[in-house]
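Numbering (our numbering), first residue to last: 388 to 510.
Backbone N, C-alpha and C fix where the C-beta goes; we use that ideal spot for every residue, glycine too.
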């Protein structure tokens, strides 16, 4: 996990107590680092969502490196391949106490970043 990601998760955890015993959704999970961090910080269940199957495969490998089948405690992380913009429409709705995400920044089309941020935050 990158130090910046860990620091951000720790700050949220310490300031808002948003992970311990909660259901967490990681939207656009990529390599799974934020999902893993939420699990390590005590989330009871983490739903990691990404549209990219290669990213999900890598995230699953990363989780397997921490939780293995021989552990008494199974991984609290489940993975869903879906476009987060379609959740609740074409994809099942996810109910979570806390949502974390590292949205795609740096798109080359003017205004795209803002529309993505607004869409992710709409109810």
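Under the DSSP assignment, residue 443 falls in the alpha helix (DSSP H) whose first and last residues are 440-451.
With contacts defined as CB atoms closer than 8 Å, residue 446 and residue 435 qualify as a contacting pair.
If you ignore the 5 residues before and after residue 422, its C-beta comes within less than 6 Å of the C-beta of 413, 416, 433, 435 and 464, all in its own chain and listed in chain order. Pairing residue 424 with residue 470, the inter-Cα distance amounts to about 22 Å.
Between residue 459 and residue 410, the C-beta gap is not smaller than 8 Å, which leaves the two residues out of contact. Rounded to whole angstroms, the separation of the alpha carbons of residue 448 and residue 437 is 15 Å. Taken in chain order, the whole alpha helix (DSSP H) runs of length 4 or more contained in the stretch 406-435 are 420-427. With a cutoff of 8 Å on beta-carbon distance, residue 450 and residue 408 are scored as not near each other.
Only buried fits residue 487, as 16 or more other CB atoms lie within 10 angstroms of its CB. Secondary structure note for residue 465: its beta strand (DSSP E) is the uninterrupted segment 464-468. Taking C-beta separations shorter than 7 Å and ignoring five residues to either side along the sequence, the partners of residue 406 in its chain run 400, 425, 428, 429, 430 and 485, following chain order.
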